[in-house]
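Peer 1: In UniProt numbering, the protein residues as written are 1 to 188.
Built from N, CA and C at the ideal position, the CB exists for glycine as well.
Below you'll find the structure I mean.
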Amino acid sequence: MSSSKRNGSCRNVWKKKKCILFSILIFLIFVLFVKYTIETNIKSFNAQSPAKCLFCQFASGNRTPPVLEFENDEYVIFKDIRPASTYHYLAIPKKHYESLKVLNKSHVGLVSRMYSGMVDFLGSKGIDTSDAVIGFHIPPFISQHHLHLHGISPISGMGFWDRINFLTNSFWFKSGKDAIDSLERSEL
1 MSSSKRNGSC RNVWKKKKCI LFSILIFLIF VLFVKYTIET NIKSFNAQSP AKCLFCQFAS
61 GNRTPPVLEF ENDEYVIFKD IRPASTYHYL AIPKKHYESL KVLNKSHVGL VSRMYSGMVD
121 FLGSKGIDTS DAVIGFHIPP FISQHHLHLH GISPISGMGF WDRINFLTNS FWFKSGKDAI
181 DSLERSEL
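And the structure:
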């Protein structure tokens, strides 16, 4: 067999491998979408009233939440009940906002303070923020229809599905810094 035929067949094998890898990636994204669609109650796709919102009840003290690890006038931080790694915290504003999609330029301050507050909070716990994921899910990939910032560390402690679920700057998850940048460019 000539070397040109061998090289041609190697290129075809490489193309097939790339096609298979791309197909697997598309399948994983589809599975993630289906997972969130199933987990998210159909009713929750409608705007949720603050009176019925679980996170609003946590933030206002009307429902026994997980232990509040931090609280100020704007937001609270507590442990996620389904941790994706050794440390997994949520920062939620006390005022009800469904998600990043309902925010605009006027909310840059709130999101910036939540982000820097999460970074400071993780640091105060001795958690390495250089090995952390800090960000927001984008609708329809949200399980609670109340804005919440995830702070997760270490990344190396995350399972396969969690790494996909919290894949920074994917179309379903945005880093805190990118969320702030997007809001700064948005209209009022």
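Could you give the DSSP three-state label for K174: helix, strand or coil?
Peer 2: In the displayed model, K174 falls within a strand according to three-state DSSP.
Peer 1: Starting from the C-beta of G151, find all residues in its chain whose C-beta is less than 6 Å away, skip the five residues before and the five after it, and write them out in chain order.
Peer 2: These residues qualify, in order along the chain: Y89, M118, L122 and I134.
Peer 1: In whole angstroms, what is the alpha-carbon distance linking F173 and L32?
Peer 2: About 12 Å.
Peer 1: Which complete beta strand (DSSP E) runs does the region 45-102 hold, if anything under 3 residues is left out?
Peer 2: 68-71, 75-79 and 87-93
Peer 1: Look at the alpha carbon of K43 and the alpha carbon of K16, and state the distance between them as a whole number of angstroms.
Peer 2: A caution first: K43 carries a pLDDT of 43, below 50, which makes its placement in the model unreliable, though a value can still be read off. Roughly 42 Å separates the two Cα atoms.
Peer 1: Quick one: give me the first and last residue of the alpha helix (DSSP H) that S124 is part of.
Peer 2: V108 to S124
Peer 1: What does a CB cutoff of less than 6 Å around D80 pick up in its chain, not counting 5 residues either side in sequence?
Peer 2: H88 and L90
Peer 1: Keeping to the same chain, check which residues put their C-beta closer than 6 Å to that of M61; ignore five residues upstream and five downstream.
Peer 2: The sequence given here places Gly at residue 61; Met does not occur at that position. Answer for G61: no residue qualifies.
Peer 1: Expressed to the nearest angstrom, what Euclidean distance is found between the alpha-carbon atoms of N12 and F27?
Peer 2: 22 Å
Peer 1: From the DSSP output, read off the bridge partner residues of S153.
Peer 2: Y87
Peer 1: Exposed or buried, which one is S169 when buried takes at least 16 other CB atoms within 10 Å?
Peer 2: Reading the sequence as shown, one finds Asn at residue 169 and not Ser. So N169 counts as exposed.
Peer 1: Please list, in chain order, all residues of the same chain as Y97 whose beta carbon is under 8 Å from its beta carbon, the five residues on each side excluded.
Peer 2: L103, H107, H146 and L147
Peer 1: By DSSP, does I29 sit in helix, in strand, or in coil?
Peer 2: Here I29 sits in helix by DSSP.
Peer 1: I'd like the span of the alpha helix (DSSP H) that includes I164, first residue to last.
Peer 2: F160 to N165
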